[in-house]
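**Student:** Under the working numbering, the first residue of the sequence shown carries the number 10, and numbering increases by one thereafter.
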Amino acid sequence: MRLVEETPPDRPNGTPSSSSSSPSSFLSHLTASQEHFLKKFLLEEELSKELHAFSNPNCCEILGYPFRSTTYLPTQPSKDLPLLSFYFRHFLATFPFITNNSPTAQQDFWQHTLQPFIESFNSKPISGSQEREEHVTKRRQVNKKLLSGLLLFYNSVIITDQELAYLSDTHLKPSDTGKIDKFQKKKRVVPGLNQLGKIKVLGVRKIKGEQEQKQRSWMISFRKVRRSNYQFILEFDNACLVKTYHQFSALHNDLKKQFPGIMSEITFPRKHKNDDGWADADVSANASVYGSRHSGSVSEKSDMESDIVRLNSKVLVREKLRLALQGYLSALIKIPEVEHSAVLLKFLSTDKTKLTAEDDADIEQRLEHEEIMRQTQVEFQQQTTKIMLQLTQDFDDFKAKMVMNPDMISSLFAELGANPDIKQLSPVLQTFNEWCKVEIAATIYQTFVSQDNSQEWFNKVKKFHRLFPYGILYQMLRVINPTTIISKVINLFLVELPSWPWSSGHRGSLLSMIFIMLLNEDLSDFRKELVDLEDKLDGYEVYVERIQNYTTLLVDAINTIRDEAGGGEDDMLMTILSTKVLSPALTQEDARTLEEIETSYQHYQEISEKKDLAESELYMNLKQYWQIQVRCRDKDLIKQLWQEPELTELIKKFLTIFYQPLITIFAKSDIHIAFRGLQRFMDDLVATVSKINEEEIYYLDTFDIYNKLKALLDRHESVIWEFIHKIYVKDDQHLFLHLVQWFEKFLTLMRIKFIEPEMVKIHLPTPPDINEGLFLRQLDAHANKTIARRKLFKEYLEAKANAQDQIDADWEDINNQIFGNADASEFGVANEDIEEFNHLNWEDDLHDLTKQTNLEIELIQKLHDLDKLNYGTDELLKLDVKPEFIRVLSNIGK
10 MRLVEETPPD RPNGTPSSSS SSPSSFLSHL TASQEHFLKK FLLEEELSKE LHAFSNPNCC
70 EILGYPFRST TYLPTQPSKD LPLLSFYFRH FLATFPFITN NSPTAQQDFW QHTLQPFIES
130 FNSKPISGSQ EREEHVTKRR QVNKKLLSGL LLFYNSVIIT DQELAYLSDT HLKPSDTGKI
190 DKFQKKKRVV PGLNQLGKIK VLGVRKIKGE QEQKQRSWMI SFRKVRRSNY QFILEFDNAC
250 LVKTYHQFSA LHNDLKKQFP GIMSEITFPR KHKNDDGWAD ADVSANASVY GSRHSGSVSE
310 KSDMESDIVR LNSKVLVREK LRLALQGYLS ALIKIPEVEH SAVLLKFLST DKTKLTAEDD
370 ADIEQRLEHE EIMRQTQVEF QQQTTKIMLQ LTQDFDDFKA KMVMNPDMIS SLFAELGANP
430 DIKQLSPVLQ TFNEWCKVEI AATIYQTFVS QDNSQEWFNK VKKFHRLFPY GILYQMLRVI
490 NPTTIISKVI NLFLVELPSW PWSSGHRGSL LSMIFIMLLN EDLSDFRKEL VDLEDKLDGY
550 EVYVERIQNY TTLLVDAINT IRDEAGGGED DMLMTILSTK VLSPALTQED ARTLEEIETS
610 YQHYQEISEK KDLAESELYM NLKQYWQIQV RCRDKDLIKQ LWQEPELTEL IKKFLTIFYQ
670 PLITIFAKSD IHIAFRGLQR FMDDLVATVS KINEEEIYYL DTFDIYNKLK ALLDRHESVI
730 WEFIHKIYVK DDQHLFLHLV QWFEKFLTLM RIKFIEPEMV KIHLPTPPDI NEGLFLRQLD
790 AHANKTIARR KLFKEYLEAK ANAQDQIDAD WEDINNQIFG NADASEFGVA NEDIEEFNHL
850 NWEDDLHDLT KQTNLEIELI QKLHDLDKLN YGTDELLKLD VKPEFIRVLS NIGK
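1) Can you tell me the Cβ-Cβ gap for ILE168 and VAL769, rounded? I've got them flagged as a contact below 8 Å.
2) Output the distance between the C-alpha atoms of LYS355 and ILE525, rounded to the nearest integer angstrom.
3) Go ahead and pull the three-state DSSP assignment for GLU505.
4) Could you check whether VAL553 and TYR613 sit closer than 8 Å to each other, using their CB atoms as the reference points?
5) In the DSSP output, which residue or residues are listed as bridge partners for CYS249?
6) For LYS329, count neighbouring Cβ atoms within 10 angstroms of its own Cβ and tell me buried if that reaches 16, exposed if not.
7) Short of 6 Å in beta carbon distance, which residues of its chain neighbour LEU664, apart from the five on each side in sequence? Order them along the chain.
8) What does the alpha-carbon distance come out to for the pair MET417 and LEU659?
9) Skipping 5 residues on each side, what residues in its chain have a beta carbon closer than 8 Å to that of ASN67?
10) Does DSSP put LYS903 in a helix, in a strand, or in coil?
11) Tell me whether ARG77, by its Cβ, gets closer than 7 Å to a heavy atom of the ligand ADP.
12) Which same chain residues end up closer than 7 Å to SER625 when comparing Cβ atoms and leaving out the 5 residues on each side of it in sequence?
13) Might you give, ordered along the chain, the residues of its own chain that have their beta carbon closer than 8 Å to the beta carbon of GLU569, omitting 5 neighbours on each side?
14) Consult DSSP for GLN220 and reduce its assignment to one of helix, strand or coil.
15) SER518 and VAL504: beta carbons closer than 8 Å?
16) Can you name, in chain order, every residue of its own chain whose Cβ lies under 7 Å from the Cβ of LEU486, other than the five neighbours on each side?
17) Buried or exposed: which applies to GLN484, given that a residue is buried once 16 or more other Cβ atoms fall within 10 Å of its Cβ?
18) Mind reading off the beta-carbon distance from LEU92 to LEU161? Whole number of angstroms is fine, and I expect it under 8 Å.
19) Using 8 Å as the threshold, is the C-beta distance between ASP246 and VAL352 below it?
20) Please state the DSSP three-state secondary structure of ARG327.
21) Would the beta-carbon of LEU325 fall within 8 Å of that of GLN374?
22) Measuring CB atoms only, is the stretch 45-58 touching the stretch 883-893, in the sense that at least three cross pairs come out at less than 8 Å?
23) Tell me, which residues are paired with GLY212 by DSSP?
24) Who are the near neighbours of GLU70 in its chain, counting only those whose CB is closer than 8 Å to its CB and skipping five residues on each side?
25) For SER533, tell me which candidate among LYS644, THR602 and ASP547 has the shortest Cα-Cα distance.
26) Check each candidate in ASP693, VAL387, GLU884 and ALA450 and name the one with the smallest Cα separation from HIS474.
27) Take the Cβ of ILE523 as the centre, count every other Cβ of all protein chains shown within 10 Å, and call the residue buried at 16 or more, exposed below.
28) From the DSSP secondary-structure annotation, give me the bridge partner or partners of SER518.
29) Pull up the distance between the alpha-carbon of SER592 and that of LEU586, whole angstroms please.
30) When you compare each of LEU744, ASN529 and VAL213 to THR673 by their alpha carbons, which one comes out closest?
31) Can you tell me where the alpha helix (DSSP H) with THR938 in it begins and where it stops?
32) Roughly how many angstroms separate the alpha carbons of ASN847 and ASN811, rounded to a whole number?
33) Between the alpha carbons of GLU731 and GLU367, how many angstroms are there, rounded?
34) Go ahead and label ASN490 buried or exposed: buried means 16 or more other beta carbons lie within 10 angstroms of its beta carbon, across all protein chains shown.
35) Below 8 Å on the Cβ atoms is my guess for THR697 versus LYS717; work out the distance and round it to an integer in Å.
36) According to DSSP, is ARG20 helix, strand or coil?
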């Protein structure tokens, strides 16, 4: 299988490559695409090895400067970790907030604060991806993004002979994907709730009835109270059913009992205050009546509701709760285990009903209300598109200058210091300001008004705003030096508390005690879930004990079990249950129960078909028990970190190095004035959104709502730009200017290949024992596999866009247009490499159960099948290019 390009495989300039020491080397006949993929593969392998080594306790020692090292001198680059060493020396160690401190303070931060913490953290057996549901651990996500970011950077800086040709040519396509295409054949998937269609909460039915409730009072012994109960009308599988809020709550509790680990990710919506709806424009003039309705007794409310009905007006009672419950159900059906559970299916198959004329009218009114909210978002999109077109035109001119002159960003930043008025700045900054305001207005609308859980978020913001001590902080910022405040706060939270004679152990700081208390609360909740699961695992105590013993192992023993599981090829839990490394040892009597677990595991693997969830319940219970135990161990290890002085010292130094310079500049820039401006903006925001939410959204047209939110930002934009201007003027140490120049270093390095290509060009050596035919087959197979992966993501994103709500899809299209016709290759970065980096964000979402649909499940399976296609890379790895990397990095590091 060979790579085929739309251009002939001959070299573009018709000359042989000088990428080998031997003129007759077959490497001199590689195409531009082959050279690019080979170089990228070798870079990725080297970075993977170096990042893996960075997880060792002594990683700082072998990394060298800026860390303390007896292996390498401060002026001597690390030959063990050349790529990481270069990045640390030239970018992390030169970050302006760090270099703003004295050399002694910098050395103390790297060698006496960060280094001890890294060594302590790496020595603890914190769970890996195999233990925390494969790909979902934050550490794995961070490592993947770190690897891809470094790979994107080095792949754009270091070149081969034909790299520039690759950037300008039409790139390769797979020539023979016969073997690879096999995994792309769609598998039969039994339809689940996701495929049958969304569960919709269409309307609200009010059931009136009198109940005598005994309510004691110091004046009246008993009285009758009229109550109104509400049922929510659901549509599912072409049938309508009604459910009360109490039934939803019971469903949530039942699911928590069955899936204690999984359901911890789902939040059940609470009832909302002021959810009695609002009359339409026909009665909006009766504002005084509305006020009396909200201030009167229960019976007065009922009378007023009758009056509104007689006026033939819309009152969308419990509308916020309806939307919240719809969002809750949507989150449930995205979790495969919950989607097929008997509890949820029973909930959706009972209490069927026929709609009445009153139900139809209520549903129609609510659909009209949803359409109003959709039209408002369309209006936002239309306005954003207008701004985006102007921004694109301005950015094209700016981009053309920036490609050949990286200092362009500094000059644009310097413009902020010339004038505090945004209206008098350059067109590109003015247009960017307009785009920001439209985007912020749209975000406010989507977050606090139009989404199913909008009211929950807005209530949290209102509560925080109401409780936040703006006045006290304003006076403190106005009178007291903010730097002093920060220092006092740091000392308050991070100073070592004294140990009293009657206390046991290390007390730590106030901040560590707070976090330890929070961790203990989480551990208490986890242990309650463990007790529930242990009751379900009666008869399988030997496996429960094995799981418990696993979480007490040291790093070496855990790595042994991970290796036994094939590094992820085999199921980690099944390995734990059967390995000889753990005790108690399994007897012949345990063979039967182990077979039961293996059978349950086989049913669990058929997650897409789910013939009967009960058949996989045993394995699921063991898996939840294992994962909760692992979380408990991790939280215990984090508690240990908080009890050790290294973490407290790191936080203290981090705040000192990164935040104190900011606060010093802010103090000179009259931060108290900007803070008062923030308070006024929050007052205005809460008042505006509250009015839209509780009143105006029911009768205002879309353009009015758009204008109200846009006007909110217009009223406050001058404060932020004036503050930015003051920061630039008062920044006598040029901290922010140095930050911009630090970023421009990346652009400068990427441009070297256009100016002095020999400085960053590597030469590919040819090992004497290499098998040329096998080498080319492995290279082509690796490249085709990469292309197939890109194709999978392209198909997935297209399918996602087709299945996506049109409003959300349009927002993504608009946001993607901010850089207009920008081409990454003009900056020296291959567009395909940018796409691969962006795919990481999608990969994170793939394994997020709350965002998972059948599209994600299908892509996960295809990616898994693709990863299993192993054509070998042993011949490719015979090329030792590490010395070439060291030579090139030495050239550009001078």
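Every residue, glycine too, gets a C-beta built ideally from N, C-alpha and C.
**Tutor:** Result, derived from the coordinates:
1) 6 Å
2) 41 Å
3) strand
4) no
5) GLU244
6) buried
7) ILE499
8) Annotation: MET417 to LEU659 spans about 36 Å, alpha carbon to alpha carbon.
9) GLU128
10) coil
11) Annotation note on the ligand ADP: not contained in the displayed structure, which lists no ligands.
12) SER609, HIS612 and TYR613
13) Looking at the sequence provided, one finds Thr at residue 569 rather than Glu. The answer, listed in chain order, is VAL590.
14) Residue placement at GLN220 is poorly supported in this model, since its pLDDT is 43, which falls under 50; the coordinates still yield a value, given next. Here GLN220 carries a strand assignment [DSSP, helix/strand/coil].
15) yes
16) ILE680, HIS681 and PHE684
17) Counting of Cβ neighbours within 10 angstroms places GLN484 among the exposed residues, the total staying below 16.
18) Actually they do not touch by this definition, with Cβ atoms about 13 Å apart.
19) no
20) coil
21) yes
22) yes
23) Note: GLY212 sits in a beta bridge opposite ILE242.
24) PHE76, ARG77, SER78, THR79 and THR80
25) LYS644
26) ASP693
27) exposed
28) GLU505
29) 10 Å
30) LEU744
31) With the chain covering 10 to 903 only, the question about residue 938 has no answer from this structure.
32) 20 Å
33) In a straight line, the C-alpha of GLU731 is about 55 Å away from that of GLU367.
34) Exposed.
35) 6 Å
36) For ARG20, the predicted model reports a pLDDT of 39, less than 50, meaning its position is unreliable; a value from the coordinates is still stated below. Residue state, collapsed to three classes: coil.
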